[in-house]
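Colleague:
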Ligand code: 9WN
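Numbering (this note's numbering), first residue to last: 1420 to 1850.
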């Protein structure tokens, strides 16, 4: 803990550390007690950054535990199941993915067959930058580097579905923003069989019902195709290039270049890749008229209409040109986002018909997206925006605790309590 914290900040720091201690399973951190008892991929990246400030040993263990689930082709699954829990501890469990039948999936651990925003190289580098023992941390990076490089290789080889340089998601869960209104259109095209999949008793807040049936249907289609990249490219009904996912990919690719240099690897191919994705992001997802980024639906080859918090994700690209940064900041501060929300940043344009202040990723404020935009704002030398996001995030957790998500107008906490990334990212912010 930093010695420059005020008494109030020290109390918040200690409360956040207690959440991470309580959610530690012995090998990794449950995303949330009860609701999300397993290890989720981008959660673990965020969580490791908080653990780095509190328990650096656990921060490294967290990432290594996640990479136990990596497939032979480099695919890092979005979910690694904790095998000491009952199979029905979470729906959908290992029976949906059947990773044990995949020749490339690891033995002795069940995983999903999807991936998540690739934040891990960025997290690993952040761990290194605040590590108390630089040599020990370099040894850890040397161990993780080939796994991170394989993760990035997998994305470049199998997820550039349109061949234009960006990576595509094949399921809303791969975005991390499950029920974002950006997915309404491509999901709406999906034909469902007459029987529903989601058991009615599943104890979850949102989303439910038909949304879940569509998510499960997409997962089954992927499983039945053996998670084959050719199927994903040519036939899978959901294929979208998302600005936030691609921005995390760029930021992590830059981090991977730095890690390569630290461990005696070659940073050049990673830098070249980052430059390539940077150019594609602007070419394929920038909407000049609207002055913001939008997701591209590959099956209709057009930009999706709704503007969400993901549209600001490219602030994570350090090479984003100043005029684009200015347009993004104007929109972020306008009445469509921060300007009309007491507790920014709402995950959806407040003026969009799809906006729903309590609707999971359809309006509420989340600590994870706030942290990403805070980090991107600092990288672009935008202290006013960064302070706004920092202040909003601190007010949310002080008022409502480490909840999963929050009402953007009055800060009411929603979803699970003691959500790990909410606690971890507050530790990172407090420094
Ligand atoms: C689906 C764990 C995860 C987060 C996602 C969030 C939610 C899962 C769910 O919880 O997703 O994988 O069951 O709704 O949307 O971002 O990683 O915290």
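Virtual Cβ for every residue (Gly too), placed ideally from N, Cα, C.
(1) Verify the contact flag: residue 1443, CB atom, against every heavy atom of the ligand 9WN, threshold strictly below 6 Å.
(2) Look at the Cβ atom of residue 1700, then the Cβ atom of residue 1713, and state whether they are nearer than 7 Å.
(3) Compute the Euclidean distance between the alpha carbons of residue 1767 and residue 1661, then round it to the nearest angstrom.
(4) If we count the other Cβ atoms within 10 Å of its Cβ and call it buried at 16 or more, is residue 1611 buried or exposed?
(5) Any heavy atom of the ligand 9WN inside 6 Å of the beta-carbon of residue 1595?
(6) Can you check DSSP and say which residues form a bridge with residue 1552?
(7) With DSSP collapsed to three states, give me the class of residue 1455.
(8) Touch check for the stretch 1424-1435 and the stretch 1800-1807: three-plus C-beta pairs under 8 Å?
(9) Report buried or exposed for residue 1622, applying the criterion of at least 16 other Cβ atoms within 10 angstroms of its Cβ.
(10) Strictly by DSSP, which residues pair up with residue 1711?
(11) Residue 1462: which of 1812, 1799, 1788, 1811 sits nearest, CA to CA?
(12) Is residue 1592 near the ligand 9WN - that is, is its Cβ less than 6 Å away from at least one heavy atom of it?
(13) If you draw a straight line from the C-alpha of residue 1843 to the C-alpha of residue 1790, how long is it?
(14) Taking only heavy atoms of the ligand 9WN into account, decide whether any of them is closer than 6 Å to the Cβ of residue 1455.
(15) So, residue 1542 versus residue 1464, is the Cβ gap smaller than 7 Å?
(16) Given a threshold of 16 other Cβ atoms within 10 Å of its Cβ, counted over all protein chains shown, does residue 1812 qualify as buried or as exposed?
(17) Under 6 Å Cβ to Cβ from residue 1536, same chain only, skipping five residues before and after it: list those, please.
(18) Compare the beta carbon distance of residue 1792 and residue 1731 with 7 Å and say whether it is the shorter of the two.
(19) Can you give me the C-alpha to C-alpha distance between residue 1421 and residue 1434, rounded to a whole angstrom?
(20) Could you tell me if the beta carbon of residue 1459 falls within a distance shorter than 6 Å of some heavy atom in the ligand 9WN?
(21) Can you check DSSP and say which residues form a bridge with residue 1499?
(22) Pick out whichever of 1754, 1539, 1507, 1487 has its Cα sitting closest to the Cα of residue 1527.
(23) Which residues bound the alpha helix (DSSP H) around residue 1823?
(24) Does the beta carbon of residue 1581 sit closer than 7 Å to a beta carbon anywhere in chain C?
(25) Give me, in chain order, the residues of the same chain whose beta-carbon lies closer than 7 Å to that of residue 1456; leave out the 5 immediate sequence neighbours on both sides.
(26) Name, in chain order, the residues that DSSP records as bridge partners for residue 1425.
(27) Could you check whether residue 1600 and residue 1729 sit closer than 7 Å to each other, using their CB atoms as the reference points?
(28) Is it buried or exposed for residue 1770, if we count other Cβ within 10 angstroms and need 16 for buried?
(29) Among the residues of its own chain, which have a CB less than 6 Å from the CB of residue 1673, if the five just before and after it don't count?
(30) Do residue 1720 and the ligand 9WN come close, with the Cβ less than 6 Å from some heavy atom?
(31) For residue 1733, tell me which candidate among 1764, 1709, 1796 has the shortest Cα-Cα distance.
(32) Return the CA-CA distance between residue 1715 and residue 1707, expressed in angstroms with no decimal places.
(33) What are the partner residues of residue 1792, as DSSP defines its beta bridges?
(34) Do residue 1540 and residue 1484 have their C-beta atoms within less than 7 Å of each other?
(35) May I ask whether a heavy atom of the ligand 9WN can be found less than 6 Å away from the beta carbon of residue 1729?
Modeller: Quick look at the numbers:
(1) The residue you call residue 1443 lines up with position 24 of the chain shown. Checking the Cβ of residue 1443 against the ligand 9WN gives no.
(2) For the purposes of this step, residue 1700 is identified with residue 281 of the chain shown, where counting begins at 1. For the purposes of this step, residue 1713 is identified with residue 294 of the chain shown, where counting begins at 1. The answer is no: Cβ separation not under 7 Å.
(3) For the purposes of this step, residue 1767 is taken as the residue at position 348 of the chain shown. For the purposes of this step, residue 1661 is taken as the residue at position 242 of the chain shown. In this structure, the alpha-carbon of residue 1767 lies about 14 Å from that of residue 1661.
(4) Counted from its first residue, the chain shown places residue 1611 at position 192. In summary, residue 1611 is exposed, with fewer than 16 beta-carbon neighbours lying within 10 Å of its beta-carbon over all protein chains present.
(5) For the purposes of this step, residue 1595 is taken as residue 176 along the chain shown, with counting starting at 1. At a cut-off of 6 Å, the beta-carbon of residue 1595 counts as near the ligand 9WN: some heavy atom of the ligand is closer than that.
(6) Here residue 1552 refers to the residue found at position 133 when the chain shown is read from its first residue. Looking at the DSSP assignment, residue 1552 forms no beta bridge with any residue, so it has no partner.
(7) Your numbering for residue 1455 matches position 36 in the chain shown. Note: residue 1455 maps to strand in three-state DSSP.
(8) With the cut-off at 8 Å, the stretch 1424-1435 and the stretch 1800-1807 do not touch.
(9) As a position in the chain shown, residue 1622 is number 203, starting the count at 1. Low confidence applies here, because residue 1622 scores a pLDDT of 48, under 50, leaving its location unreliable and the question unanswered by this model.
(10) Here residue 1711 refers to the residue found at position 292 when the chain shown is read from its first residue. Its beta-bridge partners are 1706.
(11) By 1-based counting over the chain shown, the position of residue 1462 is 43. Selected option, being the one with the closest Cα: 1788.
(12) The residue given as residue 1592 occupies position 173 in the chain shown. In this structure, the ligand 9WN has a non-hydrogen atom nearer than 6 Å to the beta-carbon of residue 1592.
(13) For the purposes of this step, residue 1843 is identified with residue 424 of the chain shown, where counting begins at 1. For the purposes of this step, residue 1790 is identified with residue 371 of the chain shown, where counting begins at 1. Within the model, the alpha-carbon separation for residue 1843 versus residue 1790 is close to 11 Å.
(14) On the chain shown, position 36 is the one that residue 1455 refers to. Because some heavy atom of the ligand 9WN lies under 6 Å away, the Cβ of residue 1455 counts as near it: yes.
(15) Sequence index remark: in the chain shown, residue 1542 carries index 123 (1-based). Sequence index remark: in the chain shown, residue 1464 carries index 45 (1-based). The Cβ-Cβ distance between residue 1542 and residue 1464 falls below 7 Å.
(16) The residue you call residue 1812 lines up with position 393 of the chain shown. The C-beta of residue 1812 has 16 or more other C-beta atoms within 10 Å across all chains shown, which makes the residue buried.
(17) The sequence position of residue 1536 within the chain shown is 117, counting from 1. Counting only Cβ-Cβ distances below 6 Å, and skipping sequence neighbours, we find 1461, 1595, 1664, 1667.
(18) One-based indexing of the chain shown puts residue 1792 at position 373. One-based indexing of the chain shown puts residue 1731 at position 312. A Cβ-Cβ contact shorter than 7 Å links residue 1792 with residue 1731.
(19) Along the chain shown, one-based indexing puts residue 1421 at 2. Along the chain shown, one-based indexing puts residue 1434 at 15. Computed Cα separation, rounded: 15 Å.
(20) Here residue 1459 refers to the residue found at position 40 when the chain shown is read from its first residue. Answer for residue 1459: yes, Cβ within range of the ligand 9WN.
(21) As a working mapping, residue 1499 is identified with position 80 in the chain shown. Under DSSP, residue 1499 forms a beta bridge with 1458, 1530.
(22) Taking the chain shown and counting its residues from 1, the one referred to as residue 1527 is at position 108. Of the candidates 1754, 1539, 1507, 1487, the one whose C-alpha sits nearest the C-alpha of residue 1527 is 1487.
(23) In the chain shown, counting from the first residue as 1, residue 1823 sits at position 404. Annotation: residue 1823 is outside any alpha helix (DSSP H) and is labelled neither H nor E by DSSP.
(24) Absent from the structure: chain C. Only one protein chain is present.
(25) Here residue 1456 is taken as the residue at index 37 of the chain shown, counted from 1. Residues of the same chain with a CB within less than 7 Å of the CB of residue 1456, apart from the 5 flanking positions on each side, are 1449, 1501, 1504, 1508, 1509 in chain order.
(26) Numbered from its first residue, the chain shown carries residue 1425 at position 6. Residue 1425 is not bridged to any residue.
(27) Residue numbering aside, residue 1729 sits at position 310 when the chain shown is read from its first letter. Residue numbering aside, residue 1600 sits at position 181 when the chain shown is read from its first letter. Contact check for residue 1729 against residue 1600 fails: the beta carbons are separated by 7 Å or more.
(28) Here residue 1770 refers to the residue found at position 351 when the chain shown is read from its first residue. Residue environment analysis places residue 1770 among the exposed positions, since fewer than 16 neighbouring C-beta atoms fall within 10 angstroms of its C-beta.
(29) The sequence position of residue 1673 within the chain shown is 254, counting from 1. Apart from sequence neighbours up to five positions away, the residues of its chain that approach residue 1673 with a beta-carbon distance below 6 Å are 1693, ordered along the chain.
(30) Your numbering for residue 1720 matches position 301 in the chain shown. Checking every heavy atom of the ligand 9WN against the Cβ of residue 1720, none is found closer than 6 Å.
(31) Here residue 1733 refers to the residue found at position 314 when the chain shown is read from its first residue. For the residues 1764, 1709, 1796, the minimum Cα distance to residue 1733 belongs to 1796.
(32) For this step, residue 1715 is matched to residue 296 along the chain shown. For this step, residue 1707 is matched to residue 288 along the chain shown. Distance between the alpha carbons of residue 1715 and residue 1707 is about 14 Å.
(33) Indexing the chain shown from 1 puts residue 1792 at position 373. For residue 1792, DSSP assigns no beta-bridge partner whatsoever.
(34) The sequence position of residue 1540 within the chain shown is 121, counting from 1. The sequence position of residue 1484 within the chain shown is 65, counting from 1. Contact flag unset, no.
(35) Sequence index remark: in the chain shown, residue 1729 carries index 310 (1-based). No - the ligand 9WN has no heavy atom lying nearer than 6 Å to the Cβ of residue 1729.
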